[in-house]
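Residue numbers (the numbering used here): 2 to 373. Virtual Cβ for every residue (Gly too), placed ideally from N, Cα, C. Here the structure is a predicted model, which means the values were calculated and not measured.
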Amino acid sequence: MRARPAPPGRWVVRNARASGDVGDHMSDASVHLSVLDLATREYGQSNTEALQGSIDMAVHAEKLGYERFWVAEHHGMPGITSSAPAVLLSAVGAATSTIRIGSGGVMLPNHAPLVVAEQFGTLRALYGDRVDLGLGRAPGTDGATAMALRRTDRLDVDDFPDRLADLIGFFTGMDAENPLSRIRAVPGYGDVPEFWLLGSSGYSAQVAGALGVSFAFAHHFASDNTEAALALYRDSFRPSRFRQTPNALIGVQVVTDEDPTIVDEQSAPGMISFIRMRQGAKPEPVSMEEARAYEFSDLERRFIAARTERQAYGNAEQVAAKINALVESTGADGVIVAPGAAQARYRHQALDVVAGLHADGRLVRAGAGASV
2 MRARPAPPGR WVVRNARASG DVGDHMSDAS VHLSVLDLAT REYGQSNTEA LQGSIDMAVH
62 AEKLGYERFW VAEHHGMPGI TSSAPAVLLS AVGAATSTIR IGSGGVMLPN HAPLVVAEQF
122 GTLRALYGDR VDLGLGRAPG TDGATAMALR RTDRLDVDDF PDRLADLIGF FTGMDAENPL
182 SRIRAVPGYG DVPEFWLLGS SGYSAQVAGA LGVSFAFAHH FASDNTEAAL ALYRDSFRPS
242 RFRQTPNALI GVQVVTDEDP TIVDEQSAPG MISFIRMRQG AKPEPVSMEE ARAYEFSDLE
302 RRFIAARTER QAYGNAEQVA AKINALVEST GADGVIVAPG AAQARYRHQA LDVVAGLHAD
362 GRLVRAGAGA SV
């Protein structure tokens, strides 16, 4: 039986060539901007069209100057085609040249750590230092699909620290007494991506801090504990060969237009799908016509109001106010924009608006004060 690895803060890192601290604090007061994409399949679209849409969004984000473009991992959801992040990222990397590309994230319990190391080692070999490896511990799907992915009915995440230690070790090397120490990820060994831990709880925040890696909090779907989680991450942070200072992003869903009717219309299909998913369904994409005809119950309206209150919905001024308030209250170093509109042109518009606010100096870090 294999001995359990040391706690995160004591994991041994050997012979690694790590990418630079790209996320370290910039000299100015601006907020770091990134993009999270789910390769959303709109009503009537094919999977091919949805995946091409993700590539197109990455190209658009690069032109606008966003720092990184991440794709999520979800399984068995008819409206989301980002089930294989490493495969999609290879296409994104080929279509771009400067923007960082990464997973937001790979759900590590679904995969053998060696396979993940080889996949992202391959991406590093192809696209160099601009590859991020974001990792989460949720299944990214329902229990039955998770069992099919893992070929086991053991769905707990108690072995996440072991898997994480193995994954890092396949890139960096392990203590000689580790039975896996002679195994090398090829490509991968000695070519370390920028590690991020993703999460929506204090547990992931603590692990990220103890490891000394960057942390991304999923505020875009779990907004109740953002401030506490980021504070816990900073309190837990220990300098490492990966980072010397804490670095945290928060995901924020953005739907924006100067016409509030369009904001409501573009938000509605996603809200209906989210409600149905919470009821246990695997919803097909909702058409604009169905969304316009849908009658939300009072309970659903209250749910939507609570969900959107802490996201960035509205015109440019409202989006700036919401993002700045979140950055101020959390102390986040950056925002990862999750466009939530039903149609691609409005998802692109969200990137345009946020990038414009950033260029005008209207998005700033906590305590810096925005331009007017």
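Using the Cβ count rule (16 or more neighbours within 10 Å means buried), how would you classify residue i?
| i | result |
| --- | --- |
| residue 64 | exposed |
| residue 286 | buried |
| residue 83 | buried |
| residue 281 | exposed |
| residue 182 | exposed |
| residue 49 | exposed |
| residue 298 | exposed |
| residue 171 | buried |
| residue 195 | buried |
| residue 98 | exposed |
| residue 250 | buried |
| residue 37 | buried |
| residue 290 | exposed |
| residue 300 | exposed |
| residue 180 | exposed |
| residue 88 | exposed |
| residue 356 | buried |
| residue 47 | exposed |
| residue 303 | exposed |
Using only the alpha-carbon positions, how far apart do residue i and residue j sit?
| i | j | result |
| --- | --- | --- |
| residue 123 | residue 131 | 13 Å |
| residue 26 | residue 248 | Summary for residue 26: the model assigns pLDDT 34, below 50, so the residue's position carries little reliability; its value from the coordinates is reported in the next sentence. Cα to Cα, the separation comes out at about 8 Å. |
| residue 361 | residue 354 | 11 Å |
| residue 458 | residue 41 | Residue 458 cannot be examined here, being either before or after the span of the chain that is shown, 2 to 373. |
| residue 233 | residue 45 | 43 Å |
| residue 365 | residue 323 | 12 Å |
| residue 23 | residue 174 | Confidence in residue 23 is poor, its pLDDT being 34 and thus under 50, which makes the residue's placement too unreliable to answer from. |
| residue 213 | residue 109 | 18 Å |
| residue 263 | residue 160 | 45 Å |
| residue 202 | residue 226 | 7 Å |
| residue 128 | residue 189 | 13 Å |
| residue 359 | residue 255 | 14 Å |
| residue 218 | residue 187 | 31 Å |
| residue 229 | residue 200 | 13 Å |
| residue 121 | residue 85 | 12 Å |
| residue 311 | residue 239 | 30 Å |
| residue 198 | residue 136 | 5 Å |
| residue 266 | residue 207 | 39 Å |
| residue 274 | residue 242 | 42 Å |
| residue 332 | residue 235 | 10 Å |
| residue 258 | residue 318 | 10 Å |
| residue 244 | residue 215 | 8 Å |
| residue 5 | residue 169 | Reliability of the predicted coordinates at residue 5 is poor, the pLDDT of 34 falling under 50, and no value is obtained from them. |
| residue 43 | residue 346 | 12 Å |
| residue 272 | residue 305 | 7 Å |
| residue 308 | residue 222 | 8 Å |
| residue 113 | residue 95 | 26 Å |
| residue 209 | residue 296 | 42 Å |
| residue 69 | residue 75 | 20 Å |
Assuming residue i and residue j are in contact, meaning their beta carbons sit under 8 Å apart, how far apart are those beta carbons, in whole angstroms?
| i | j | result |
| --- | --- | --- |
| residue 100 | residue 62 | 6 Å |
| residue 117 | residue 107 | 6 Å |
| residue 374 | residue 351 | There is no way to answer for residue 374, as the model of the chain reaches only from 2 to 373. |
| residue 39 | residue 336 | Not really, about 17 Å apart at Cβ, beyond 8 Å. |
| residue 71 | residue 163 | Rounded, the Cβ-Cβ distance is 25 Å, inconsistent with contact. |
| residue 284 | residue 80 | 7 Å |
Opposite residue i in the DSSP bridges: which residues?
| i | result |
| --- | --- |
| residue 338 | 36 and 253 |
| residue 81 | 41 |
| residue 108 | 137 |
| residue 185 | Note: residue 185 sits in no beta bridge, so no partner. |
| residue 198 | 136 and 216 |
| residue 70 | 36 and 102 |
| residue 365 | 31 |
Is residue i close to chain B, meaning its C-beta is less than 8 Å from at least one C-beta of that chain?
| i | result |
| --- | --- |
| residue 51 | In the structure shown, chain B does not exist; there is a single protein chain. |
**OP:** Only counting runs of 3 or more residues, tell me where the beta strand (DSSP E) segments fall wholly within the stretch 240-288, in order along the chain.
**Re:** 249-257
**OP:** Mind listing, in chain order, the continuous beta strand (DSSP E) runs of no fewer than 3 residues lying wholly within the stretch 302-339?
**Re:** Whole beta strand (DSSP E) segments, 3+ residues: 313-315.
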